[in-house]
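All residue numbers in the sequence shown are consecutive under full-length UniProt numbering, ending with 639.
Contents: one structure, followed by commentary.
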Amino acid sequence: MIFPGIRVQAQLGETLRWGFVCEILEQAPVERLKTVCAVGSPAHSFSPTYMRFLLWLADYYCAFSGDVLRTALPRAIERAFDKAVVSYAAHKDTRDPPMPPGPLTGEQQQAFAAIAAACDSGGHATFLVQGVTGSGKSHIYYHCAHHALEQGKAALVMVPEISLTPQTVSMFTGIFGNEVAVFHSGMTEKERIANWFSVLAGIKRIVIGVRSVIFAPIPRLGLVIVDEEHDSSYAQDEKSFNFNARDAIIMRAKLEGAVVVLGSATPSLESRYNCQLGKYRLLTLARRYNDQSLPRVTLVDMRTERKENNWSLFSRALQEKIACKLERSEQVILLKNRRGFANFLQCGECGHVPLCGQCSVSLTYHKSIGRMVCHYCDSRTLPPETCPSCGGHRLKPAGAGVERVEEELRKLFPGITAVRLDHDAASRANKVGDILETFRSGRAQVLIGTQMVSKGLDFHKVTLVGVILADTGLFMPDFHSSERNFQLLTQVAGRSGRGSSAGEVVLQTYAPDERSIQFAVAQDYDSYYRHELENRRELGFTPFSRGVLVKFLDKTEKRSREAAFYFARAIEGKEGVDVLGPSPAPLFKIRNMFRHFMYIKGRDSVLLHAAVAEGFARFRASSFRKVKVRVAFDPDSLL
C-alpha cells in the first residue's frame, strides 16, 4: 500500500534511488512519471500527517520542498535508511517505568489541571504559561509529560539550547529514564541515528531538543512544550529554508491534534496578544516556587559615576555589593552582552578603526587570544603594530567586552575565583557544562558572561546579579530591540535569589529613563506589554500586521540592489501589502556578499503570502534568479 510518507524506489538516470511519497494526486502534474520499483517498510515511513506538515512548511515559508526535506532528513539518517542499518521491528520493550514527578503548588496544580483537561479532550489547544522567574514552570512540564505518557502518547520538549538547560534535561531523564531521547550537537552520528529510529519506532516517547527537533518523526504526538518561547534562537535565518520553530511546531500540533504549552517569564508580544485574542489560553504563576520574593533591583546612572570621577566599568554601588556577597560566601553573576575585550581598536592620532576585509563591520579585539576577530565571518588577524592609515603608534582598545569586565574584576578583587561563559570560552572548554559545573560546585565565586548567563540557569547561592551596561541592545534599527532588551534584563535578574537568601540586582546604564529599562527595574511585564503594544499599534508592526523580511545577497553591490528593486516592482500595487525598502542592510556586507533588504507587511496574512509567493515566482523566472534570496516570515530581527 502506498501512502504519503512511505519510502519508494524509482529509477533516476542509471541508478535506483529511494525517496518519500509527498502526495497522492488524481491527476499527474507532469506528463512523464517514473515507475515505482519497490516500496519500503511501513515501519520505516513517516505518517501522512507528518508529510502534510513538511509540505505546509515549504508552502508557508516560500521554500523549495527539497530544501525542507533535506532539513527534516539529515544525510546521516538518509544513509541509515539506504543501508537498512537499523531495525526496531522486533524490538523488545525494556523501558523503565517513569518515576512520578514531585508535588505541585496550588498555582501549578491549577495550570496543570487546565492543560491535562485539554489533553483528555483529544483536541488541539495552545496554552501560554507565564510565570515569574523561579516560579517552577518546568515542574508543570514534567507533570504534563507524565500525563501524556499515561494516555499512550508522546511528548516533544523544545528548549533554546541543551547545554544551557541542564537541570531541565536531567530532571526529564531522572523521571522518565530511557523513555527520553535528547538531540544535541555533541552527539555522535551513531547516537543520533539510534535516537532518531527509536523515536520513529515509538520506543522513546519523550523527545527533547533545540529548534530542529520539530522534525523528529514522533508517532502519536500528544503534547508539545516550548520552554522560553520568546527566545530568538528558535528562529532560523540566513539559510535557503528559514523558519520559526515555535510557530512551526504549533502548526504541527494543530495537524496532529496535540496540545501545546508555551512557557516564559517574558512572553513574546505575539504570544501574549494571541491570548488577548482568545487564540491561546493564558495561565499565570505569580509567585516563586519557594515563596521567595523577587530580587530587589537598583538602577545606577553611569553618567553620575563619571561626573564623580569614577571611570571604572563597575559603579561604586556594584563594587560594594560584590564585596558584601563575597564576604558571605555567596555567588555573583555579571552580564556584559559583548564578546571580546574591546569593541574595536582605534588610532588615537587619526581615528582609524580596523575593519573586516569581508564584512562591513569593525574587528573586535580579543585580548585572551591576541587577535582581532570578525564575529560574522570569524576571520582573525593580529593587531597591527602601527596604524594602517597614518602609521601612528597609538592604537588603543575602545569600548568594553566581557573579557575586559573579567580583567577589571580581578584587579578590583585580587584572588577572586571567576569563570567566563561566552561563545569563545565555551568553545575552548569544549562544552558549557564544564564552566557551569565549576560555578555550581562553588569553585568559582563569580560567573561573568554574555546573554548566555540569562538562559535557564538555576544556582541557589547566587544572590547578586550585576548588569554592566543595561542599554547595550538598544538604539538599533529594529523595532524588536526594546522588547529584546526588556526580556534580557528581566531574565538575567531572575537568576538572583532563587535559593533561601533574598536576591539583589544592579542595573548600570547611561539611559536610565528608557522605558524597557524602567519596566525591567519594576519587573513589571504586564505594564511593559501594554506600553509596547501601543507603540506597535501606532506603527502598524506585528502583532497588528504580519511581516516578511526578504534579503538579497550577491557578490556585487549593483546586482544585489537591482535584484531587490526587481522583486519590489514585481509586488508593487498588490492588494493589502506595504513595502518598506529596498535599502542597504544595516550590515551591508557579510562574507563578501552585499545585502539589500525589504520589509513587506500586511494585515491580511493570506494577501501578504499571495503577494510574496507571486514575487518569488516572477523572481525565479528572471535574470536575477542566481542572486541569493533569504526570506523570513515574522522575523525576530531586522538586522
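Glycine is no exception: its CB is placed at the ideal position from the N, C-alpha and C atoms.
Check, Outcome
"C-beta contact flag for Thr165 and Asp231 at 8 Å", "no"
"In chain order, each alpha helix (DSSP H) run of at least 4 residues that lies wholly inside the stretch 486–524", "515–522"
"Outcome for Ala258 when other beta-carbon atoms lying within 10 angstroms are tallied against a minimum of 16", "buried"
"Segment contact flag, the stretch 283–299 with the stretch 493–512, C-beta cutoff 8 Å, min 3 pairs", "yes"
"Chain-order list of residues whose beta-carbon lies under 6 Å from that of His143 (same chain, five-residue window excluded)", "Pro101 and Phe112"
"Beta strand (DSSP E) runs wholly inside the stretch 187–238, at least 3 long, in chain order", "206–209 and 221–227"
"Supposed close pair Ile600, Val462 - CB separation, criterion 8 Å", "Incorrect: roughly 44 Å between the Cβ atoms, too far for contact."
"Complete runs of the alpha helix (DSSP H) confined to the stretch 378–452 [at least 4 residues]", "402–412, 423–428 and 432–440"
"Range covered by the beta strand (DSSP E) that runs through Tyr599", "Met593 to Gly602"
"Contact under 8 Å by Cβ, Ile214 with Val180", "no"
"Residues near Glu514 by beta carbon distance below 7 Å, same chain, minus five either side", "Asp471 and Leu474"
"Rounded straight-line distance, which links the Cα of Gly466 to that of Thr450", "12 Å"
"Every unbroken beta strand (DSSP E) within the stretch 91–156, with a cutoff of 3 residues, ordered by chain", "125–131"
"Buried or exposed (CB count within 10 angstroms, at least 16 for buried), Ser427", "exposed"
"C-beta atoms of Val629 and Lys558 nearer than 8 Å", "no"
"Length of the line joining the Cα atoms of Leu464 and Val210", "29 Å"
"Nearest-angstrom beta carbon gap, Tyr528 and Phe519 [assumed within contact, 8 Å]", "4 Å"
"Identity of the residues DSSP links to Trp18 by a beta bridge", "Gln9"
"Touching by the beta-carbon criterion (3+ pairs, under 8 Å), the stretch 581–592 and the stretch 356–370", "yes"
"Cα-Cα separation between Gln108 and Pro383, rounded to whole angstroms", "55 Å"
"Where Phe81 falls, given that 16 or more other Cβ within 10 Å makes a residue buried", "buried"
"Own chain residues within Cβ distance below 7 Å of Arg546, not counting five before or after", "Lys601, Gly602, Ser605, Leu608 and Asp634"
"C-alpha distance - Ala340 paired with Pro397, whole-angstrom precision", "Checking the sequence shown, residue 340 turns out to be Gly, not Ala. Their Cα atoms are separated by approximately 11 Å."
"Neighbour-count burial assignment, Arg303, 16 or more Cβ in a 10 Å radius", "exposed"
"Where Lys336 falls, given that 16 or more other Cβ within 10 Å makes a residue buried", "buried"
"Alpha-carbon spacing of Ser121 relative to Ile115, whole angstroms", "10 Å"
"Whether Val36 touches Val8 by CB criterion (8 Å)", "yes"
"Whole-number beta carbon distance between Leu57 and Phe243, since they are thought to touch under 8 Å", "6 Å"
"Length-filtered (3 minimum) beta strand (DSSP E) runs lying within the stretch 525–578", "546–554"
"beta-carbon Leu549 near the ligand COA non-hydrogen atom, thresh 7 Å", "This structure does not include the ligand COA; it has no bound ligands of any sort."
"Nonlocal neighbours in the same chain, by C-beta distance under 6 Å from Ile77, ignoring five residues either side", "Trp196"
"Residue from Arg620, Lys626 and Glu614 whose Cα sits closest to the Cα of Tyr60", "Glu614"
"Beta carbon of Val419 nearer than 8 Å to that of Thr438", "yes"
"Residues near Ser264 in its chain [Cβ-Cβ closer than 6 Å; skip 5 each side]", "Glu228, Glu229 and His230"
"Through-space distance from Asn535 to Gln523, alpha-carbon basis", "20 Å"
"Straight-line Cα distance separating Phe127 from His44", "33 Å"
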